[in-house]
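The structure appears below as structure tokens.
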Amino acid sequence: MRIVRPLLIVAVVVVIYLAFRAPNQEQVRPPERRPALSTFTLAALGGPQWTLADQRGSVVLLNFWATWCPPCRRETPDLVALARTYGSRGLHIAGISMDDDPASVVPAFVGKYHVPYPMLLPDASFSLARSVDSLPTSILLDKQGRVAAIYQGARSAEEFAPAIEHLLAESN
136 MRIVRPLLIV
146 AVVVVIYLAF
156 RAPNQEQVRP
166 PERRPALSTF
176 TLAALGGPQW
186 TLADQRGSVV
196 LLNFWATWCP
206 PCRRETPDLV
216 ALARTYGSRG
226 LHIAGISMDD
236 DPASVVPAFV
246 GKYHVPYPML
256 LPDASFSLAR
266 SVDSLPTSIL
276 LDKQGRVAAI
286 YQGARSAEEF
296 APAIEHLLAE
306 SN
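Numbering (this note's numbering), first residue to last: 136 to 307.
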């Protein structure tokens, strides 16, 4: 049993590494080439904890960002628009703050930009956050929680929309 846990951790890290290093990351991968993302639970600003497993059956966009990041600030209105356009059709967006003290700076940001989606506050043990090389980075997951596309750098709603439409149209 003592060896199973380290092996599981190594396997998760390898899957995450491969997901972030795959060629043509911005194109929606075919289902057979989508690595599963391990489930995780994070504290949500002003709300209950957020768990990836609870999102199964929905398309999920995880957006790693920070209040001090100019491209992140430019991208936020487009993410808000996506949440409003596709939320009722099954898109769940979650912002993952990479700020040093998110509880002190994120509430004002959420208010200023009228962010309707949950803002998650990772702790030091959240290994996926350590895999992010640049901000913003967004990971688009299919309805089964598999990595369908990865976007590094700010994107517009129009750039995200075709992949979101594609994944929403897929059957479970």
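Just so it is clear, CB atoms sit at the ideal spot from N, CA and C, and this is done for glycine as well.
Residue 184 carries a coil assignment under DSSP once its states are collapsed to helix, strand and coil. Residue pairing from DSSP places residue 281 in a beta bridge opposite 171. About 27 angstroms separates the Cβ atoms of residue 225 and residue 262, ruling out a contact at the 8 angstroms cut-off.
In the structure shown, the three-state DSSP call for residue 211 is helix.
Annotation: residue 296 to residue 236 spans about 31 angstroms, alpha carbon to alpha carbon.
Secondary-structure assignment with DSSP links residue 199 through a beta bridge to 231, 272. For residue 287, the secondary structure class from DSSP, reduced to helix, strand or coil, is strand. Within the same chain, and ignoring the five residues on either side of residue 279 in sequence, no residue has its Cβ closer than 6 angstroms to its Cβ.
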